[in-house]
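Presented below is the structure to which this report refers.
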Amino acid sequence: MQALLIDIEGWEIQMERLLKQIEAYKPCNEQEEKDRELLIQWIRSGMDIVTRANETAHLTASAWVVSPDRKHVLMAYHNIYNSWAWLGGHADGEWNLQKVAIREVEEESGLSQVTPLQEAPVSLEILTVDGHWKRGTYVDTVPLSLIVITPLFIF
Numbered sequence: 002m003q004a005l006l007i008d009i010e011g012w013e014i015q016m017e018r019l020l021k022q023i024e025a026y027k028p029c030n031e032q033e034e035k036d037r038e039l040l041i042q043w044i045r046s047g048m049d050i051v052t053r054a055n056e057t058a059h060l061t062a063s064a065w066v067v068s069p070d071r072k073h074v075l076m077a078y079h080n081i082y083n084s085w086a087w088l089g090g091h092a093d094g095e096w097n098l099q100k101v102a103i104r105e106v107e108e109e110s111g112l113s114q115v116t117p118l119q120e121a122p123v124s125l126e127i128l129t130v131d132g133h134w135k136r137g138t139y140v141d142t143v144p145l146s147l148i149v150i151t152p153l154f155i156f
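With the numbering used here as the guide, the letters of the sequence shown map in order to residues 2 to 156.
Structure representation (structure tokens):
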């Protein structure tokens, strides 16, 4: 069993900050509007949606990583889906999804200096994750991935 040390006051502040960002988000289409409303409900519910202990859904953060001239984007090959994808990963107890996105970009790409272009999300998505092989073990179903995509700038 994995233990998490949590600063409850800091956690609540970060949760409120994320809630305000998602409430302020302007959806691009009907699906994003539905996903936005569902994300708001999940956050307000008080349920743990920032750790993988939640077997129904948990937050992940992803990033579009662009070159300084904004002419190139960095993608990674995703072995589960056999396709190219943006970088990102699980919140693992962190409500500050910009920190999560930066952490994941650094871990997955080896980049050490990424700077956010903006604090606000550029996309909200709720996706299912199909069964797949992970580290030699078949994972039958995975919770919904509540994705917040934040753009980053490479220096």
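Glycine included, each C-beta is placed from N, C-alpha and C at the ideal position.
For clarity, every value in this text was computed on a predicted model and none was experimentally measured.
Start and end residues, alpha helix (DSSP H) containing residue i
i: K35; result: E31 to R45
Cβ-Cβ distance between residue i and residue j below 9 Å
i: A92; j: I23; result: no
i: L118; j: V74; result: no
i: P28; j: L125; result: yes
i: Y26; j: R18; result: no
i: V123; j: W43; result: no
Spatial neighbours of residue i in its chain, beta-carbon cut-off 7 Å, leaving aside the 5 residues before and after
i: L39; result: I127
i: Y78; result: W85
Nonlocal neighbours in the same chain, by C-beta distance under 6 Å from residue i, ignoring five residues either side
i: M76; result: W85
i: T52; result: G94
i: Y139; result: none
For residue i: DSSP bridge partner residues
i: E17; result: Beta-bridge pairing links E17 to no other residue.
i: T138; result: K135
i: V51; result: None, per the DSSP bridge assignment.
Enclosing beta strand (DSSP E) for residue i [first to last residue]
i: G89; result: L88 to H91
i: V66; result: A58 to V67
i: A77; result: A77 to H79
Contacting residues, own chain, Cβ-Cβ under 8 Å from residue i (five flanking each side not counted)
i: I41; result: L20, I23 and E24
Quiz item: Which whole runs of the beta strand (DSSP E) in the stretch 96-124 are 3 residues long or more, in chain order?
Solution: Runs of the beta strand (DSSP E) inside the stretch 96-124: 115-117.
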